[in-house]
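Chains as they are written, first to last, in this note's numbering: chain F, 13 to 123; chain A, 41 to 155.
Input: a single structure, listed below in structure tokens.
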Amino acid sequence: GQQLNQSPQSMFIQEGEDVSMNCTSSSIFNTWLWYKQEPGEGPVLLIALYKAGELTSNGRLTAQFGITRKDSFLNISASIPSDVGIYFCAGQGQAGTALIFGKGTTLSVSS
Amino acid sequence: EAGVVQSPRYKIIEKKQPVAFWCNPISGHNTLYWYLQNLGQGPELLIRYENEEAVDDSQLPKDRFSAERLKGVDSTLKIQPAELGDSAVYLCASSPRRGSTDTQYFGPGTRLTVL
Numbered sequence: 013g014q015q016l017n018q019s020p021q022s023m024f025i026q027e028g029e030d031v032s033m034n035c036t037s038s039s040i041f042n043t044w045l046w047y048k049q050e051p052g053e054g055p056v057l058l059i060a061l062y063k064a065g066e067l068t069s070n071g072r073l074t075a076q077f078g079i080t081r082k083d084s085f086l087n088i089s090a091s092i093p094s095d096v097g098i099y100f101c102a103g104q105g106q107a108g109t110a111l112i113f114g115k116g117t118t119l120s121v122s123s
Numbered sequence: 041e042a043g044v045v046q047s048p049r050y051k052i053i054e055k056k057q058p059v060a061f062w063c064n065p066i067s068g069h070n071t072l073y074w075y076l077q078n079l080g081q082g083p084e085l086l087i088r089y090e091n092e093e094a095v096d097d098s099q100l101p102k103d104r105f106s107a108e109r110l111k112g113v114d115s116t117l118k119i120q121p122a123e124l125g126d127s128a129v130y131l132c133a134s135s136p137r138r139g140s141t142d143t144q145y146f147g148p149g150t151r152l153t154v155l
């Protein structure tokens, strides 16, 4: 099925470093979402974006809805070991329809 | 507020056997989704319900997969017979309907292993 282009595929960083990941799509989306998934668990919603150009923060996380509606990025500042996990972007066209997911960015943080 | 509940969390079966997964969405959420997540991939939609109606089942392999949401609350996803390639995590998600936007909340998933 259709998937978004998410990069990087994986990241290995030191505690305290900032992290940036992004998603691009050939299709326009009305909603961009960022999820984190830990082993054996379902994805947990981190940030939801509803307007082109919107910049939203959740603690150390900041995400932006690209002005073209075809991309989004997520930044994590001052990473800590508990940030470890797989981060997924997801785009949605019409409200209530299926989310289209990226393949995920696996984040590893060494202390 | 309780989250999306799924059971079982893990299931190991032999190929050609049937299997069923259960999902109870967040209270008041009218929309329910079943997603399939293969290893190293993001989730992909199998079926979407609005109350008790399946409004998008285009990606559901109907020869072996079936789903129901009889009373518009909890839902069951069934595979019969299971194949080796069905080994994956089956995720249930739900969302409210809030005007033109909504967000989806996921359960912990059922990890299926077909031997």
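Beta carbons: idealized from backbone N, C-alpha and C, even for Gly.
The structure displayed is predicted, hence computed values, not measured ones.
Relative to residue 84 of chain A, the option among A:59, A:65, A:49 and A:98 whose CA is nearest is A:98.
Residue contact check for residue 67 of chain A against chain F: no CB pair falls below 8 Å. When 8 Å is used as the limit between beta carbons, residue 96 of chain A is near these residues of chain F: 109 and 110, in chain order. Comparing C-alpha distances from residue 132 of chain A to each of A:122, A:118 and A:53 shows the shortest one belongs to A:118. Contact between residue 91 of chain A and residue 112 of chain A holds, with the beta-carbon distance rounding to 4 Å and staying under 8 Å. Residues 155 of the same chain have their beta carbon placed closer than 7 Å to that of residue 54 of chain A, with the five preceding and five following residues left out of the count. Under the Cβ distance rule, residue 50 of chain F does not count among the residues neighbouring chain A, no pair being separated by less than 8 Å. Within the same chain, 36, 37, 38, 39, 40 and 41 come within 8 Å of residue 82 of chain F by CB-CB distance, once the 5 residues on both sides are set aside. Secondary structure note for residue 84 of chain A: its beta strand (DSSP E) is the uninterrupted segment 84 to 90. Contact annotation for residue 148 of chain A against chain F: 52, 53 and 54 [CB-CB distance below 8 Å, chain order]. Of the candidates A:150, A:152 and A:146, A:146 places its Cα closest to the Cα of residue 72 of chain A.
Contact between the stretch 25 to 36 of chain F and the stretch 84 to 94 of chain F is established, with three or more Cβ pairs separated by less than 8 Å.
For chain F, none of the residues of the stretch 111 to 126 of chain A brings a beta carbon within less than 9 Å of one of its beta carbons. Counting only runs of at least 3 residues, the stretch 14 to 39 of chain F fully encloses the following beta strand (DSSP E) elements, listed from N- to C-terminal order: 17 to 19, 22 to 26 and 31 to 36.
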